[in-house]
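Only one structure is covered here, and it is reproduced in the block below.
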Amino acid sequence: MQEYLKGLNDQQKEAVEHINGPLMIVAGAGSGKTKVLTTRIAHLMNRGVDAFNILALTFTNKAAAEMKERIEKILGSSEARNLYIGTFHSVFAKIMRAEANKLGYPSNFTIYDTDDAKGVIRDIVKDMNLDDKHYKPAFIYNRISAAKNSLIDPVRYKLDPHITSEDAKSSRPLLGDIYDAYAKRCFRNGAMDFDDLLFKMYVLLVNFPDVLAKYQHRFKYILIDEYQDTNEAQYQIIKLLGAVHENICVVGDDAQSIYSFRGATVKNILQFQDDYDDVKVVKLEQNYRSTQSILNVANKVIANNKNQIEKSLWTSNDLGEKITLVRTLTDNDEGRFVADAITEQKLRNHYHNKDFVVLYRTNAQSRSFEESLRRMNIPYRLVGGVSFYQRKEIKDYLAYLRLIVNQQDEENLKRIINYPARGIGKTSIERIQIAANQYDKTMWEMLQFPDMLGIKGAGASAIENFVVMIKSFQVMLEKGNAYEVAFAVGKHTGLVQELYNDKSVEGLARYENVQELLNSIKEFTETPDEEGELLDKSLGSYLQQITLLTDADNNNDEDQDVVKLMTIHAAKGLEFPCVFAVGLEENLFPSAMSMYSREDLEEERRLFYVVITRAKSRLWVTYANSRYRFGQLVQNDPSRFVDEIPEEYLERNFTGASHKAQSQIGGGFGNSIPKNGNAFEKTPSLKKLAEKIQQKSAPVPQHKPSGDFIADDPMAMEVGMEVEHQKFGFGKILTLEGGANNRIAAIEFKDGHGQKKIMLNYAKLRIVR
DNA sequence: TGATGCTAACTTTTT
DNA sequence: GTTAGCATCA
1 MQEYLKGLND QQKEAVEHIN GPLMIVAGAG SGKTKVLTTR IAHLMNRGVD
51 AFNILALTFT NKAAAEMKER IEKILGSSEA RNLYIGTFHS VFAKIMRAEA
101 NKLGYPSNFT IYDTDDAKGV IRDIVKDMNL DDKHYKPAFI YNRISAAKNS
151 LIDPVRYKLD PHITSEDAKS SRPLLGDIYD AYAKRCFRNG AMDFDDLLFK
201 MYVLLVNFPD VLAKYQHRFK YILIDEYQDT NEAQYQIIKL LGAVHENICV
251 VGDDAQSIYS FRGATVKNIL QFQDDYDDVK VVKLEQNYRS TQSILNVANK
301 VIANNKNQIE KSLWTSNDLG EKITLVRTLT DNDEGRFVAD AITEQKLRNH
351 YHNKDFVVLY RTNAQSRSFE ESLRRMNIPY RLVGGVSFYQ RKEIKDYLAY
401 LRLIVNQQDE ENLKRIINYP ARGIGKTSIE RIQIAANQYD KTMWEMLQFP
451 DMLGIKGAGA SAIENFVVMI KSFQVMLEKG NAYEVAFAVG KHTGLVQELY
501 NDKSVEGLAR YENVQELLNS IKEFTETPDE EGELLDKSLG SYLQQITLLT
551 DADNNNDEDQ DVVKLMTIHA AKGLEFPCVF AVGLEENLFP SAMSMYSRED
601 LEEERRLFYV VITRAKSRLW VTYANSRYRF GQLVQNDPSR FVDEIPEEYL
651 ERNFTGASHK AQSQIGGGFG NSIPKNGNAF EKTPSLKKLA EKIQQKSAPV
701 PQHKPSGDFI ADDPMAMEVG MEVEHQKFGF GKILTLEGGA NNRIAAIEFK
751 DGHGQKKIML NYAKLRIVR
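Residues 1 to 769, numbered by full-length UniProt numbering, are exactly what the first sequence covers, in order.
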């Protein structure tokens, strides 16, 4: 028997050893899914399958990287190198890069992230003279995204009676036209958004039989991770690619389907057996991750959902500790409880920071945990949230690089044509835009003919300089590598200088971020070519790669001893010894938006199932009686999911709530709490208490003006005086300029606010001494 | 034309 | 509480 087959249980072995024909692996949480996938790939190759013929698709770069790494461990890196392993988006982007010309796109097409796409939509809404309060870009984006994920193009969108009536009902009858305009604009810009990478891939395969045949032949064996999260577009593409050989292996768990908002449909996994003949089904039901207590709770909770693939997850692990249910008064108390519990556990049970994770439903919940952890000096890292590549200074820099690679792209052209300021103002840009529309050219093309724009003098020469500069970068692109071009851009545009000159705290961070970007480009270009394979190190290749990276992928320093904070969605596939499931409150988890349909509610429950099953040995479930949302204190009942945890596995800890609050609330669960948010008005003592706790826990993030704050006359200010600002707190006046109506003070503030220029007409200052 | 500060909107989850 | 877009003034 092969070495790699040892240590597999019977079911796992059965899945690994199945070679030809469709295979569905129903893999319960913690049942060794990745192990089976990677071992199976190794086994295929061991049986003579060429690495070039294997395609493995995942949802995250992290999962792809992990798979690759594990296969390398079994086979050695030279064997594994030629495997095609990646996310749906990155694999399709790579293929599209080779085939884009067939669809009329440049091979260096730009990939728009969500922000870019919303920007295009905002422009279109403006052009159509619509109210963007009603035609909200985010709403429209979601609508278009849903259409693309269902493979509906603008023409079909406008003809579909169901869709049009829906849009009519929400009185947005022009959505179809916006979709149409958006698709055309992206095409003209030579750009694809995330959904296009799937949608256009499908179009490519359907319209070009030779291309389809090529990839069908190439990918004789296809493996798909997290199959329960695939959407219609992904489903159809897989069906096309696998149609000849039917060696499709899907791995998934219907109980962990949590992406329906992105068009994923559990139907794909539920119906897999109907899609192909002779589907081999293997169920992995032994859980190697969690204690019995945790697993039993998870099983009990998920049993409340209907419509599942039948399976019973079991474990031979110890019973373990009970689940701790924690009630606190406010969200800040919740944060404090978690920080305290971590400190205690580290002392008592010798855990490390990296053994803990805090999992929440929405990103906005991270604040109170960050504050409490910081106060306790516990190092932590926020996973997810704003990606490095979404920061303004990075997007500005990248906009140059993207324009150089793809001049069709107007979004990025507009972003930097006057940044740093070079005298090409609003009116000029507008003129260029109008002329471009008029002559049906791109804005870049119009820039070549400034006389046709009616722009003269300084404006014209500014444009000319800009064009010359961009062109010189393009010339460099032919000879230099990505890093050399990027470095030259930073230098010659003045971008780096501009950031360097900004000595404020934020400015310094921005400068450092840009340096980090340059380092990453350098690293990219310096990755050595591997034997037999020349890596594509062009700038275009780099840009396509990074747009598909998320923040979570970026943190490769796994071993750092820090507490992790993330959303439940981001935690999919991960495991931790100690898990805090926080914010278990009605309207938050389950989310207020999910309460109207059984399907949505069941997805929330699956989400709860995912949280529980992340835990190996300890699980805390917490909720707060009231929390700040929208900057306002609102009250929520405990989540209905809390009641689904069997009593025998629970241990209650209400130390976070005071006796007073407890007697107010009563011993029961939720039912005695007033339902609507005005409870505090009725019980002033409770309100005061909550406010007191709130104040005590606020770590001076924002200055509160002194009680005797009365603004002084701007003209009374003198250099060297100590003053108080309503927001920034205390500081010292460094310089003063301007007359009575335009007096500007440069002030060095304490408490990390740094140096700021304040216009004394608007911001009021109080002289301290 | 550019910088500042104000306002409104925001909260589901992400490649 | 935060942030992005906007209005406003020099």
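Glycine residues also receive a C-beta, built at the ideal position from the N, C-alpha and C atoms. Given the structure is predicted, the values throughout are model-derived calculations rather than measurements.
Bridge partners of D254 according to DSSP: none are assigned. R289 is not a Cβ neighbour of L565, given a cutoff of 9 Å.
The beta carbon of E17 lies closer than 7 Å to those of H43 in the same chain, with the five residues before and after it left out.
Going by DSSP, Y360 is part of the beta strand (DSSP E) stretching over F356 to Y360. Pairing V642 with K300, the inter-Cα distance amounts to about 12 Å.
Beta-bridge analysis with DSSP links R627 to V634. For E344 against R618, the beta-carbon gap comes to about 12 Å, at or over 8 Å, which does not count as contact.
In this model, N332 and A146 are separated by some 37 Å (Cα to Cα).
Using a Cβ distance threshold of 9 Å, L588 and T362 count as a contacting pair. Closest in alpha carbon position to L539, among G494, K479 and A509, is K479.
As the crow flies, the alpha-carbon of Q448 is around 46 Å from that of A364.
Cβ-Cβ separation between Y628 and R327: approximately 17 Å, too far for a contact (criterion under 8 Å).
Under the criterion of beta carbons closer than 8 Å, S31 and N305 do not qualify as touching, at roughly 19 Å. V26 has its alpha-carbon roughly 19 Å from the corresponding atom of L5. The region 210-227 makes contact with the region 45-59: 3 or more CB pairs, one atom from each, lie closer than 8 Å. Two segments are said to touch when three or more pairs of C-beta atoms, one from each, lie closer than 8 Å; by this definition the region 104-120 touches the region 405-422.
Distance from the CA atom of Y202 to the CA atom of I237, rounded to whole angstroms, is 6 Å. In this structure, the alpha-carbon of Q515 lies about 12 Å from that of K491. Under DSSP, D278 shares a beta bridge with no residue. Sequence-distant partners of M446 (beyond 5 residues in either direction) whose C-beta falls short of 8 Å from its own C-beta, in its chain, are I432, A435, A436, Y439, M452 and L453. Excluding its 5 nearest sequence neighbours in each direction, K280 has C-beta neighbours in its own chain below 6 Å: H18 and L23, listed in chain order. Distances from the CA of L240 to each of F730, I733 and F208 were compared; the closest alpha carbon is that of F208. In this structure, T493 and Y400 form a Cβ contact; the two beta carbons are roughly 6 Å apart against a cut-off of 8 Å. Between the alpha carbons of G425 and A65 lies a distance of about 45 Å. Annotation for G176: the continuous alpha helix (DSSP H) segment containing it runs L175 to R188.
Around K33, the same chain offers A27 and V251 as residues with beta carbons nearer than 6 Å, after the five sequence neighbours per side are excluded.
The DSSP assignment places 331-349 and 366-375 as complete runs of the alpha helix (DSSP H) inside the region 319-392, in order along the chain (cut-off: 4 residues). Going by DSSP, P154 is part of the alpha helix (DSSP H) stretching over P154 to L159. Within the region 545-591, the complete beta strand (DSSP E) runs of at least 3 residues fall at 563-567 and 576-581. In the DSSP secondary-structure assignment, Y221 is bridged to I54. Contact annotation: E575 and R605 have beta-carbon atoms that are not nearer than 9 Å. When Cβ pairs closer than 8 Å are counted between the two stretches, the region 178-194 is seen to touch the region 121-132, the count reaching three or more. In the DSSP assignment, Q448 is bridged to no other residue.
With a beta-carbon spacing of about 14 Å, L83 and A63 fall beyond the 8 Å limit used to define contacts.
Note on the region 15-46: whole beta strand (DSSP E) runs with a minimum of 3 residues are 23-27, in chain order. Counting along the chain, the unbroken beta strand (DSSP E) around R652 starts and ends at L650 to N653.
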